[in-house]
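Visitor: Let me give you the structure first, and then I'll get to my questions.
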Amino acid sequence: MFDENFKGVLKYYTDTVFQKEQEIDRHVKLLSEYQKALDESAIISKTDKDGNITYVNDKFVQLSGYSAQELIGSKYSIFKHEDMPQEYFEDLWFQLENAGIFRGTIKNNKKNGDYFYVDVTIVKIVDAYDDSVEYISIANDVTKLIDARLEAQRASQAKEYFLSNMSHEIRTPLNAILGFVNLLIEQDTSKQHRKYLEIILNSGENLLSIINDILDFSKLRSGEFTIEPKVFSIHNEISHTLELFVASANSKDITITSFIDPNIPKELYADSLRIKQILSNFLSNAIKFTPVGGYINIEATCKDKILKVSVSDNGIGINKDDINHIFSAFTQAGQGEIEKLHGTGLGLSICHQLSEHMGGSVHVKSEIGHGSTFWVEIPVEIHNNECQIFTDMHELKKLKTVFYSKNAIKNYKIDSFFKYAKVFNLDIDIVDNLDTEYDIAILLDEHIDDKLKKTMLNSDKKFIILESRPSDKYEKYAHIICVCFPLYCSKIKAAFNELLNPYLLYSPHKNSNNLNFQGHILIAEDNEANQELIKILLNKYGLTYDLATNGLEAVNLYKKNNYDLILMDEQMPVMDGNKAVQEIIKYEKEKGLRHTPVSALTANVIKGAKERGLLSGFDSFLGKPIVMKDLERVFFNYLKVTKEDDTNLKQSAINSKIEGLNYEKLSQELMLNDDELIMLVELFLKKMSKQIPELEAAIKSKDYKKIALIAHSIKGSSGNFRLEEIQEQSEKIEKMAKAKDKKYDYESAFEKIKSRLAKIKIF
71 MFDENFKGVL KYYTDTVFQK EQEIDRHVKL LSEYQKALDE SAIISKTDKD
121 GNITYVNDKF VQLSGYSAQE LIGSKYSIFK HEDMPQEYFE DLWFQLENAG
171 IFRGTIKNNK KNGDYFYVDV TIVKIVDAYD DSVEYISIAN DVTKLIDARL
221 EAQRASQAKE YFLSNMSHEI RTPLNAILGF VNLLIEQDTS KQHRKYLEII
271 LNSGENLLSI INDILDFSKL RSGEFTIEPK VFSIHNEISH TLELFVASAN
321 SKDITITSFI DPNIPKELYA DSLRIKQILS NFLSNAIKFT PVGGYINIEA
371 TCKDKILKVS VSDNGIGINK DDINHIFSAF TQAGQGEIEK LHGTGLGLSI
421 CHQLSEHMGG SVHVKSEIGH GSTFWVEIPV EIHNNECQIF TDMHELKKLK
471 TVFYSKNAIK NYKIDSFFKY AKVFNLDIDI VDNLDTEYDI AILLDEHIDD
521 KLKKTMLNSD KKFIILESRP SDKYEKYAHI ICVCFPLYCS KIKAAFNELL
571 NPYLLYSPHK NSNNLNFQGH ILIAEDNEAN QELIKILLNK YGLTYDLATN
621 GLEAVNLYKK NNYDLILMDE QMPVMDGNKA VQEIIKYEKE KGLRHTPVSA
671 LTANVIKGAK ERGLLSGFDS FLGKPIVMKD LERVFFNYLK VTKEDDTNLK
721 QSAINSKIEG LNYEKLSQEL MLNDDELIML VELFLKKMSK QIPELEAAIK
771 SKDYKKIALI AHSIKGSSGN FRLEEIQEQS EKIEKMAKAK DKKYDYESAF
821 EKIKSRLAKI KIF
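Everything in the sequence shown is counted per our numbering, starting at 71 for the first residue and increasing by one.
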């Protein structure tokens, strides 16, 4: 009985052992397959607890260049590359001991001295007592990936260096151009010259914006682009942008009209530069694709904090099939005449990306043969809720104003004017003849024939001529004002003001209200034009200076003299600005000297340039082109302010500059300061020096129409300066000349005018 039971138990255990052996065999075979799969796909190695290599697979051998026999028994440190810091491996062992696993990227040495990178996972293997037995490393070769990334970083650095240098080389001469244009604008130039200078200035600033766009383009494509919102006036920004395109539009006889809604808040908060860039692109395309004699209309509105700016034209239009991808990069419409007009096809794509970065969108509506409308919608914040509507036009509203149009028919130019007239609440009738009663007549230049022109020149009425392109044919007539399209509120108001008060329109450009500073400045600048500009600016503020043309010369001058401020160009020959600043700071520390503030003169606007400059030792930065308010900000920070006493200035001006006018009355009633009044009196006397001989000649020849016209002009001019005697005599002359009164003593009245004018002198 016992034997039978024993046999049964023995058989049971024998079967169980056999099953377990088979199960173990299966697991061993499975583990063998796992190892084979792992060996085929990864770089495998093992070490004992002391770091001695106990196993490497074929992939490890192939990658490292060592044989398996050379590696087995060797320390793993055989692969350590000099670029890998000791702290890295200390962290590796810390993580293995505490977490049991490490993940990271390691740079290793090959047998031939070359290197390889691996992304590695190392796992600690423990026994039944949780003691470390060995370490298994599973890695992947990422050498090509790391090398490509490092090469891309080097290329990015090289690109940044190139763009930085190019930015500096382009912006440096532009600094001189814009600086001297600003100085010329401040001079007493003619109206026409001032307009030309302002166009140059606006064009230069636009070029500066384009340079900045070039620097930002790669960031736009890579997603690193940043928006820089600021407070701005959309009225000013759009009007300045439109003026830049007037000349190119005129070359194709294209008229630009506009309506910038005066209800748009005075100050908005958004990235105005990018908005102008989008508008400029829309305008450029509109001019390109609009035929000779066409028109372009720009409108701007703001509703629910969404700014909408649109550009419409009557050009060739876009095919429906092309509209869907018109905003894609390197894409142009391929319809008809468009194929003849070349371009990169990047402009609208940039507009699309810019609008999206600002949280907005761009849109298009077009029809072949009927033109296109492009518009952008951008979210904005309201900074100043005041509107641009002018409410101080009471004097104008007292006068009868008409708009002359042949056949009394409106067109797009007339519509453009009446949109603004409606805002001004002006009651203006459209008439087809000028036989009616009126004080002011508004006309389009193309509606003026020779007969009408002659009537206007000899009339005592006032006229505003809306021109498609600028001209000077009416410049010498005080009763005729010419205004060029496109129109905006400020331009229309200025035209009415000039017409009603011709000598109160201009005011001189002054710098900081007689502001002066005290200090001796060291200028380090290698560009001759910029040297002259900075010297002129420093002279205007009453500052003395020394000039260095390179960094080494600046350091030597600094060691010999005492300065209150240093203006240092970053890029100069012999020694650059960064090195020069470091040498100056080193010298100050060696000698125990007080630090002299150094402001960089830099055309480098690459991101990070300012931060690197601060590390070099610069205290502040002045960008190129130099902006006066930024220059003053630096002076305020580091120099003592000395401001002339306004009372003394006024008394000096009264006693030594103007004679023959009631200064106090003029100053109070016209609210003008001394400089403004002196300039206006000079303009008045200059005009009188021409009109007095003309009036005398007209009296001698008994040309009553001309006598009345000139006397009327003198009457208005003298009235502005409260010259009652001249105003009274010229009014009598005008009245008698209109009546063709041959008995009136014109010569006697003329002599009284001439005598009174002779008493007005400017010293």
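Glycine is no exception: its CB is placed at the ideal position from the N, C-alpha and C atoms.
Determine the closest residue to Y266 out of N276, E275 and I255, with distance taken between C-alpha atoms.
Guide: Comparing Cα-Cα distances from Y266 to each of N276, E275 and I255, the minimum goes to I255.
Visitor: Using the C-alpha atoms, what's the distance from V644 back to L706?
Guide: Looking at the sequence provided, one finds Phe at residue 706 rather than Leu. If you take the alpha carbons of F706 and V644, they lie about 31 Å apart.
Visitor: In chain order, what residues of the same chain have a beta carbon less than 6 Å from the beta carbon of K829, not counting five sequence neighbours either side?
Guide: Result list for K829: G730, in chain order.
Visitor: What are the residues that DSSP puts in a beta bridge with E766?
Guide: Its beta-bridge partners do not exist; DSSP assigns none.
Visitor: Exposed or buried, what is F164 when buried is set at 16 or more other beta-carbons lying within 10 Å of its beta-carbon?
Guide: The residue in question, F164, is exposed, as its Cβ has fewer than 16 Cβ neighbours within 10 Å.
Visitor: Touching or not, the stretch 145-156 and the stretch 165-172, by the rule of three or more beta carbon pairs under 8 Å?
Guide: No, the stretch 145-156 does not touch the stretch 165-172.
Visitor: Answer with buried or exposed for Y59, where buried requires no fewer than 16 other C-beta atoms within 10 angstroms of its C-beta.
Guide: Summary: the structure shown does not reach residue 59, with the chain confined to residues 71 through 833, and so no result is reported for it.
Visitor: Around the C-beta of V362, are 16 or more other C-beta atoms found within 10 angstroms, so that it is buried, or is it exposed?
Guide: Classification of V362: exposed, given that the 10 Å Cβ count is below 16.
Visitor: Over what stretch of residues does the beta strand (DSSP E) that includes E451 continue unbroken?
Guide: Unbroken beta strand (DSSP E) run through E451: E451 to N454.
Visitor: Restricting to Cα atoms, I'd like to know which of D811, V193, L424 and I784 is closest to K824.
Guide: It is I784 whose Cα lies nearest to the Cα of K824.
Visitor: Only counting runs of 3 or more residues, tell me where the beta strand (DSSP E) segments fall wholly within the stretch 529-557, in order along the chain.
Guide: Whole beta strand (DSSP E) segments, 3+ residues: 532-537 and 550-554.
Visitor: Do you know offhand how far E204's Cα is from L220's?
Guide: Straight-line Cα distance between these residues: approximately 34 Å.
Visitor: Using 8 Å as the Cβ pair cut-off and three pairs as the minimum, do the stretch 336-350 and the stretch 293-308 touch?
Guide: In short, these stretches touch, since the Cβ pair count reaches three.
Visitor: Could you tell me the alpha carbon to alpha carbon distance between I438 and K358, rounded to whole angstroms?
Guide: For I438 and K358, the distance between alpha carbons rounds to 15 Å.
Visitor: Alpha carbons only, please: which of D128, L248, A218 and P155 is nearest the one belonging to L603?
Guide: Closest option to L603, Cα to Cα, is L248.
Visitor: Which residue comes first and which comes last in the alpha helix (DSSP H) that contains V190?
Guide: Careful: V190 lies outside any alpha helix (DSSP H), inside the beta strand (DSSP E) at Y185 to V196.
Visitor: Rounding to the nearest angstrom, what Cα-Cα distance links N394 and P299 in this structure?
Guide: Approximately 30 Å, taken between the alpha carbons.
Visitor: DSSP three-state call for F820: helix, strand or coil?
Guide: Residue state, collapsed to three classes: helix.
Visitor: I need the straight-line Cα distance from K810 to L827, nearest angstrom please.
Guide: Taking the straight line joining both Cα atoms gives about 26 Å.
Visitor: The beta strand (DSSP E) spanning G693 covers which residue range?
Guide: That run of the beta strand (DSSP E) goes S690 to G693.
Visitor: Count the CB pairs spanning the stretch 610-627 and the stretch 639-656 that are closer than 8 Å, and state whether there are at least three.
Guide: Segments in contact, yes.
Visitor: Note down, in chain order, each residue of its chain lying with its Cβ closer than 8 Å to the Cβ of N732, except the 5 sequence neighbours on either side.
Guide: Closer than 8 Å at the Cβ level, and outside the excluded window around N732, lie R792.
Visitor: Residue range of the alpha helix (DSSP H) that D520 falls in?
Guide: D520 -> alpha helix (DSSP H) spans D520 to L527.
Visitor: Grab me the residues of V553's own chain with a C-beta within less than 8 Å of its C-beta, minus the 5 sequence neighbours each way, in chain order.
Guide: For V553, where only same-chain residues beyond five positions count, the Cβ hits under 8 Å are I534, I535, L536, E537, K561, I562 and A565.
Visitor: How about I113 and F130: are their beta carbons less than 9 Å apart?
Guide: Contact flag set, yes.
Visitor: Roughly how many angstroms separate the alpha carbons of I518 and I484, rounded to a whole number?
Guide: Cα to Cα, I518 sits roughly 15 Å from I484.
Visitor: If the criterion is Cβ atoms closer than 9 Å, does the pair T672 and D634 meet it?
Guide: No; because the gap between Cβ atoms is not below 9 Å, this pair is not in contact.
Visitor: Which partner residues does G174 have in the DSSP bridge list?
Guide: According to DSSP, G174 bridges with V190.
Visitor: Quick check: what's the CA-CA separation for K543 versus L592?
Guide: Going from the Cα of K543 to the Cα of L592 covers about 50 Å.
Visitor: Can you tell me which residues form a DSSP beta bridge with Y474?
Guide: Partner(s): V501 and L513.
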